[in-house]
Amino acid sequence: MPLLPSERAALERALLAIESVLARTVSGTPSGIQQGAPAHEALTAGLAAAAALVDVSQTLLRTSHDPSPAVLLEEWRTLVAHTQVAGQRVQRMVRLLAGEKHIAAAQGPLLPPRPLRAPRSPRG
1 MPLLPSERAA
11 LERALLAIES
21 VLARTVSGTP
31 SGIQQGAPAH
41 EALTAGLAAA
51 AALVDVSQTL
61 LRTSHDPSPA
71 VLLEEWRTLV
81 AHTQVAGQRV
91 QRMVRLLAGE
101 KHIAAAQGPL
111 LPPRPLRAPR
121 SPRG
């Protein structure tokens, strides 16, 4: 069953949306999650894996191919490599989250650190 143009467009929009959120996540901390916290690292890994898998799916659904055996073989190797990278990112995500007790612990401290107080001057 061929993919409808609207379905192709939906996959492309999904990929662009995932990549946009990933770029914002890498450069900042969404929803107050502390950068470097396990949840932030897992979120980044999960989004990267999702983008890779949508890309792999688009490639698998493509119907026109270069008939050259060398080109087909290279495309297939690239596809397998992207799938392996996505799997590794998901495994990283699992390892990061499995080491935490609950979601709040994975997000790191949610309150900003208190500013340091100036030392009191001695009374004389």
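For the record, in the sequence shown the residue sitting at position 80 is 80 according to the UniProt record's numbering, with numbers rising by one throughout.
Note that beta-carbon positions come from the ideal geometry of N, C-alpha and C, so glycine has one too.
#1: Using only the alpha-carbon positions, how far apart do ILE103 and VAL21 sit?
#2: What separation, rounded to the nearest whole angstrom, lies between the Cα atoms of ALA105 and GLY28?
#3: Quick check on DSSP: helix, strand or coil for ALA37?
#4: Along the chain, where does the alpha helix (DSSP H) containing ARG13 start, and where does it finish?
#5: Applying the 10 Å Cβ sphere with the 16-neighbour rule, what's the burial state of ARG114?
#6: Run through DSSP, which three-state label would ARG114 get?
#7: Please classify PRO38: is it buried, with 16 or more other beta-carbons within 10 angstroms of its beta-carbon, or exposed?
#8: Would you kindly work out how many angstroms separate the C-alpha atoms of HIS40 and ARG24, rounded to a whole number?
#9: Just to confirm, are VAL54 and THR83 a CB contact at a threshold of 8 Å?
#10: Please name the residue, chosen from ILE33, ARG95, GLY46, that lies closest to residue 125 on a Cα-to-Cα basis.
The short version:
#1: Taking the first residue of the sequence shown as position 1, residue 103 is located at position 103. Taking the first residue of the sequence shown as position 1, residue 21 is located at position 21. Taking the straight line joining both Cα atoms gives about 20 Å.
#2: By one-based count along the sequence shown, residue 105 stands at place 105. By one-based count along the sequence shown, residue 28 stands at place 28. Here the alpha carbons of GLY28 and ALA105 stand approximately 19 Å from one another.
#3: Here residue 37 corresponds to residue number 37 of the sequence shown, with the count starting at 1. The answer is coil: DSSP assigns ALA37 none of H, G, I, E or B.
#4: Residue numbering aside, residue 13 sits at position 13 when the sequence shown is read from its first letter. Element bounds for ARG13: 5-27.
#5: Locating residue 114 in the sequence shown gives position 114, where the first residue counts as 1. With a pLDDT of only 49 at ARG114, under 50, the local geometry of the prediction cannot be trusted, and no value is derived from it.
#6: By 1-based counting over the sequence shown, the position of residue 114 is 114. Residue placement at ARG114 is poorly supported in this model, since its pLDDT is 49, which falls under 50; the coordinates still yield a value, given next. Of the three classes helix, strand and coil, the one that applies to ARG114 here is coil, per DSSP.
#7: Taking the sequence shown and counting its residues from 1, one reaches residue 38 at position 38. The residue is buried, with at least 16 neighbouring Cβ atoms inside 10 Å.
#8: What you label residue 40 is simply residue 40 of the sequence shown in a count that begins at 1. What you label residue 24 is simply residue 24 of the sequence shown in a count that begins at 1. Roughly 12 Å between the two C-alpha positions.
#9: Sequence index remark: in the sequence shown, residue 54 carries index 54 (1-based). Sequence index remark: in the sequence shown, residue 83 carries index 83 (1-based). Cβ atoms of VAL54 and THR83: not closer than 8 Å.
#10: Residue 125 lies beyond the range of the chain shown here (1 to 124); nothing can be said about it.
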